[in-house]
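Enquirer:
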Amino acid sequence: MPIIATIMNSTTGQPIQKMSFGRMPKPWASFNLETGELVKADRVDIGKPAPGKVVVPVSVWVTPKG
Numbered sequence: 001m002p003i004i005a006t007i008m009n010s011t012t013g014q015p016i017q018k019m020s021f022g023r024m025p026k027p028w029a030s031f032n033l034e035t036g037e038l039v040k041a042d043r044v045d046i047g048k049p050a051p052g053k054v055v056v057p058v059s060v061w062v063t064p065k066g
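Taking UniProt numbering, the leading residue of the sequence shown gets 1, the next gets one more, and so forth.
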C-alpha cells in the first residue's frame, strides 16, 4: 500500500504538493518535486489517524531553494 505524504515547506510552513511513496520515506531521503527541483527531507512527521479512519497523515518537510 503506497504512502501518500504532504510535502511541506520548512521555511513558510505551507504545503507544496502531495506525493506517493512506495514505503515510508526516511528523514534523509532525496526526491524531485513536480517542478523538477531535487530536495532533501528535513524531517518526516507521522500523525495520528482521525477517529474511525485508517489513513495516517504523513508530512515530509523540505527546504526548497527556489
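C-beta: ideal position from N, C-alpha, C; glycine also.
Select from K65, P64 and V60 the residue whose C-alpha is nearest the C-alpha of M24.
Expert: V60
Enquirer: For the beta strand (DSSP E) that T6 lies in, which residues bound it at each end?
Expert: Here the beta strand (DSSP E) through T6 covers I3 to N9.
Enquirer: Between the C-alpha atoms of P2 and E37, what's the straight-line distance to the nearest angstrom?
Expert: 22 Å
Enquirer: By a C-beta neighbour count over all protein chains shown, 10 Å radius and 16 as the cutoff for buried, is I16 buried or exposed?
Expert: buried
Enquirer: Could you give the distance in angstroms between the alpha-carbon of D42 and the alpha-carbon of T63?
Expert: 7 Å
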